[in-house]
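Trainee: The structure is given below, and queries will be raised subsequently.
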Amino acid sequence: MSVIEYDVIIIGAGVAGLTAGARLAEDGYRVALVTKGEPTACLSTGCIDVCSLDHDPMHAISHLPEEHPYHLTARASIRGALDRFKSSLNEIGAQYTGTLENNRYILSALGTYKTTCLTPVTMSAVPQNDDEDIHIITFSGLKDFYPSYIISRRKNSSSSIYDAGASTTMGLAANFEQEEFLENFIVWLEKQNIRESKIAFPAVLGLESAAKIAQKIQNRLGRKVFEIPTIPPSMPGRRLFNALKHYFRKKGGTIYWSWPVSGVEKSGNIIEAVITPSEGRPNSLNAKAFVLGTGSFVGGGLTAGRSKITEIVFDLPVHTPGSRDDWFDNDYFSINHGIGTAGIIADASFRPKESPWENIFVCGSILAHTKILKYGCGHGLAVVTGHAAAKACAEYIR
Amino acid sequence: MKFERCIRCTICVENCPVFRVNPEFPGPKQSGPDAQRFRAEKEKSVDDWVLLCSQCRRCDMACPCGVEPAQIILRAQQKYGMEHPRSLAHLLFANNYYLSALGSLTAPVANKVATTKIGKKIFHAMGITTYIPFPQFSFHTMKSAKRKKGKSAKKVAFFYGCFINFYRPDIGRKIIRLLESFDVDVVLPEQWCCGLPALGNGNLALARYFAQKNAASLTNYIDAGYDVVYTCTSCGLCLLHDYPGVLEIPQAKKIAGSTYDLHEYIVKLIDDGHIDQPRFTEVPRKIAYHIPCHLRALGIGYPATKIMDLIPGLEYEIFDDTCCGLNGSYGFKKKNEPTAVQLGNRAVSLIKKSGAENIMADCGSCRMQLGGLSGMDALDPAEVICQSLGITGER
C-alpha cells in the first residue's frame, strides 16, 4: 500500500472541517486536513450558536424554512452531534456549558446581549438579565473595550482599570499565563473592594489555561467571574480552534498548513487527488473521498465576481440568489442580504447537487440557504453538518 | 505585494510569536500590509521595528487572504538594511557561512574560547547573547566525508546546510549512510550557505550571491539526473520559496522541481517502489516533535511523521503552535534575547508538561534552543530513524 494514500482529505480547518475530520479519524479512517490559512473561527466569540430565533433552539430549528441545511439531518442527529462536541472538548479540558433545551445570553462589549447556545466555561456566569450587578475590569490601553458602554446600559455596575504592561488581547492573555502576573493581579483585585456579585473581564484570561485562571480568580475573590468577547484577536475563538485541532490530532488526524487547493485530478465521477501550487513539481495528495469545509465568503470557500459566485476548489455549482441587485439589501446592517443564501446545495447524503462527483461531501457555512446572521446558527450548523457529512462519507468509503 | 488583500482580520497577529511577548513590535498586520501603504520606494525607511520580525513566517501561513505579511516585512527589512549602517552582530550573522568556516578550521581553539569568561565578554561586546551555549564547531566538516561512486537508479545531491556542516557533520554522515542503505547514490555537491541568514540580517546582495552560486552548482547535478535533498528545513524554505521569490534566481523553478525534504524523499522511495518498506526495529520512547516554523511554511505537511508512524514503540506528540524563539541568528542578538528566551521557555514548558523523554526537531537551531533551555536531548528525526534501522555514525 502506498504510504501517502489517505482515506479522506478534509479541505478547510474551520469548525466544520475539524469536526468532520475528528469524527472520521475516530472511526479509524486515515484522515488528512489541508488548509490555506487559519479559519474564521479564530475571529469568533468561541460560542456555539445553534439557532437563535427562539429560546428553545431545537424548536427554532423546526421552524426554519424547508431548504435550510439543518433539515438534511434528523433531530436526533443534531442533538447527538452537539452532545459529542461537548464531550469531546471536555475530554481535552476545554469545557463548554449550556444545553439544547434553552438558549442563553452572553454579554457584548457594548453591554447588549447576544443569544447563543453552548458557551466556553469562562462565560457560564454571564448574567441572564439586567438585575444582577457586575464589576467590570479593563486594562490600560486596551482598544475597543470601554466599560462605560456597558455601564450606560447596566446602571448597577462599576469598573476599574488595571495596568498590565500590555495593551493587546494577545499580550494580556500571554501575561495571564504567567503565575507571577496572575498573583500580582489578584492581589490588586482584592484591594479594589468590589461590592458587586460578579466580575466581568474582556476575554483575555489566558490562552491555554483560561478555565483554570477564571476559576482561581473566582475562588480568591469569592465572586463569580466571566469573560466578555472582544473584537479580534479573539481569545475564545482561538481557544476553540486550538481545542478542535488538538482533538483532531489526538484521534490520529494529520494537518497540512499552507496548502491551498489549486487543482484536482479526476477520473470519471471520482476526484482522485487535490493539488496545491508549487514552484516546482506538482504537490498533490490523493484520497478516496473529500470533505469540503472551506467556508463562505470570509472563509474563502466562495468568491463573488460582478455577476457570478464561484466555489474555489472544485468549481461546484453554486446557488446564486437572483441577479446582483438581489444580493444586497439597502441597509448595510441588514440580516436579510440575499447573498446570505449563496452556497452549495447538498442532497441528503451531503453530496453537492447537480454535480457529477460522487466522492465529495460538503459541510459548514459553504452550504446554501444557511442565512447564518439571520438565524444565528454559525458554529452549531458547522458542528452538525460536519458530523453528518463525515457519516455520509464513511458510508461511502466503507 | 499583496497588501491590498488584507481585510484586517488580525489572524496574523494572533499567530505572531514576537508580538506575543515583545510590546515594541507592532505585529505583522501593522508592520506588513498597514505600513506598506506608507512606504515609498524613494524615501528612506524610518520603521526600524521591522528588524524585530523574526521571519518565522507564521503570519504568511495563517492569513486566509494570501497577503503574506512576512514577505512584505522581509522586503522592508532588506530596504532598511541597505539604507542604514548595520550592527556588528548583523554583519557577522549575515556572513555566518564565512564565520563558521573560520570557526571550523580553528575548532579546537574557537570552541574553548567560546566557553571562557573572556570569550563570553567578547560575544556580549559584539551584541551576541550567551544564554544558551554557542554551538560547538566541528573540525571535520561534511567536505571531508568520503564518497564512493555507485550505479543506482536514484541519485541524490545532498544539500546538507551550514548547521550540519560546521557543527554536526556526524548527523550528515548518518543521513548519507541512511540514504545509501536505501540503495541511493549520494554525492555532496559544491555548496555555500543557502542565503537565509544573510536575508534575515538585511543583506539581500550577499544572499543573492550565495543563491546564484548554489543554483549554478545544483542545476548541474539536476541536469545529470540527480535529485536534491535537504535536511535543514530553513535551507529548504530558502531554496524552494526565496530563490523564486525575493532572490529572483532564474533556475529556481528547475531547482524546486527536483528538491526534496529528506523524509519526503524517503517516503517517495517507498512510494515509487524503489525500496520495500524498511524493517524498523523498536524505539520505545516518548518524543515531543517540535515542528520548526519553516517546515510548517514549506506546505509539505510533516513528512517525518509518516516514517515515525512505521517505527514500533515510538510515541510522538506534535508541537506546532510554538516557535522556539531562536530563529537562526535572531535570538543570538542581544536586543532579541528577552523575546527568544520567553518564547523558548514557553515552548519548553509545554513540552515538559507532555512527559516526553526527548525533543525532536528538523531544524538545528530549534534543537540548539530547546535542548539548551530544557537540558533535554534534542534529536534530528534522521537520528531516530537511524537508531531504529541500526545505522550508526561516528562523530
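Chains as they are written, first to last, in the numbering used here: chain A, 1 to 398; chain B, 1001 to 1395. From the three backbone atoms N, C-alpha and C, an ideal C-beta is built for every residue, glycine too.
1. Looking at chain A, is there any beta carbon in it that lies within less than 9 Å of the beta carbon of H1241 of chain B?
2. So, using beta-carbon positions, are H1084 of chain B and D1048 of chain B closer together than 9 Å?
3. Tell me which same chain residues have a C-beta within less than 7 Å of the C-beta of R1395 of chain B, skipping the five on either side of it?
4. Exposed or buried, P1028 of chain B, counting other C-beta atoms within 10 Å across all chains shown (16 or more means buried)?
5. Rounding to the nearest angstrom, what Cα-Cα distance links L1199 of chain B and L1074 of chain B in this structure?
6. Measure from the C-beta of K1002 of chain B to each C-beta in chain A and report whether the shortest distance is under 9 Å.
7. If contacts are defined as beta-carbon pairs under 8 Å, then C1323 of chain B and R1058 of chain B qualify, I think. What distance do you get, rounded to the angstrom?
8. Who are the neighbours of C1063 of chain B on chain A, taking C-beta pairs under 7 Å?
9. Going by CA-CA distance only, name the one from B:A1382, B:S1152 and B:C1232 that's closest to D1183 of chain B.
10. Does DSSP classify T1259 of chain B as helix, strand or coil?
11. With a Cβ-Cβ cutoff of 9 Å, do S365 of chain A and G301 of chain A count as a contact?
12. Suppose the cutoff is 6 Å on Cβ atoms and the five residues either side in sequence are ignored; what does the same chain contact list for V1267 of chain B look like?
13. Opposite D1227 of chain B in the DSSP bridges: which residues?
14. Using the Cβ count rule (16 or more neighbours within 10 Å means buried), how would you classify L381 of chain A?
15. Going along the chain, which residues of its own chain have a beta-carbon closer than 6 Å to the beta-carbon of Q1251 of chain B, five neighbours each way excluded?
16. Using a Cβ-Cβ cut-off of 7 Å (strictly less than) and excluding sequence neighbours within five positions of T341 of chain A, which residues of its own chain qualify?
17. Does any C-beta atom of chain B lie closer than 9 Å to the C-beta of S140 of chain A?
18. Runs of 4 residues minimum, wholly inside the region 1333-1358 of chain B: which ones carry the alpha helix (DSSP H) assignment?
19. Would you tell me roughly how many angstroms separate the C-alpha atoms of H59 of chain A and Y70 of chain A, rounded to the nearest one?
20. Looking at the secondary structure, which residues open and close the alpha helix (DSSP H) in which G1150 of chain B lies?
21. Check for me: the alpha helix (DSSP H) holding T385 of chain A runs from which residue to which?
22. On the CB-based measure, 16 or more other CB atoms within 10 Å of its CB, does M1 of chain A come out buried or exposed?
23. Out of A:A390, A:T303, A:P352 and A:A203, which has the shortest C-alpha to C-alpha gap to I106 of chain A?
24. Report the option in B:T1339, B:P1135, B:D1320 and B:C1009 whose CA atom is closest to the CA atom of I1111 of chain B.
25. Which same chain residues end up closer than 7 Å to A125 of chain A when comparing Cβ atoms and leaving out the 5 residues on each side of it in sequence?
26. Looking at the structure shown, is R1285 of chain B part of a helix, part of a strand, or coil, going by DSSP?
27. Residues of chain B with CB closer than 7 Å to the CB of G416 of chain A, please, in chain order.
28. Confirm, please, whether the CB-CB distance from A1070 of chain B to E1014 of chain B is below 9 Å.
29. Within the 9 Å Cβ cut-off, does C42 of chain A reach chain B?
30. Can the beta-carbon of Y1316 of chain B be found less than 9 Å from the beta-carbon of M1368 of chain B?
31. Could you give the first and the last residue of the continuous beta strand (DSSP E) run that contains P1108 of chain B?
32. How about K1253 of chain B and I1222 of chain B: are their beta carbons less than 9 Å apart?
33. Beta-carbon separation of T1339 of chain B and V1021 of chain B under 9 Å?
34. Could you tell me the alpha carbon to alpha carbon distance between I1116 of chain B and V1384 of chain B, rounded to whole angstroms?
35. For L1206 of chain B, does the three-state DSSP call read helix, strand or coil?
36. What whole-angstrom Cβ distance do L64 of chain A and C51 of chain A have, given they're in contact under 8 Å?
Mentor: Let's see:
1. yes
2. yes
3. Summary for R1395 of chain B: the model assigns pLDDT 43, below 50, so the residue's position carries little reliability, and this model does not support an answer.
4. buried
5. 8 Å
6. no
7. 7 Å
8. G37
9. B:S1152
10. strand
11. yes
12. P1303 and K1306
13. B:V1156
14. buried
15. A1215 and T1219
16. H319, P321, A368, H369 and K371
17. no
18. 1337-1353
19. 12 Å
20. It is not in any alpha helix (DSSP H) - G1150 of chain B carries neither H nor E in the DSSP assignment.
21. G378 to I397
22. For M1 of chain A, the predicted structure reports a pLDDT of 33, less than 50, and the residue's modelled location is therefore unreliable. A value from the coordinates is still provided. Answer is exposed; the Cβ neighbour count stays below 16.
23. A:A203
24. Position check: residue 1111 of chain B holds Asn in this sequence, whereas Ile was assumed. Cα-wise, what sits closest to N1111 of chain B is B:P1135.
25. K198, K224, V225 and F226
26. strand
27. Only positions 1 to 398 of chain A appear in this structure, which leaves residue 416 of chain A out of reach.
28. no
29. yes
30. no
31. Here P1108 of chain B belongs to no beta strand (DSSP E); instead the alpha helix (DSSP H) covers A1107 to T1115.
32. no
33. yes
34. Just to set this straight, residue 1116 of chain B is Thr in the shown sequence, not Ile. In a straight line, the C-alpha of T1116 of chain B is about 33 Å away from that of V1384 of chain B.
35. helix
36. 7 Å
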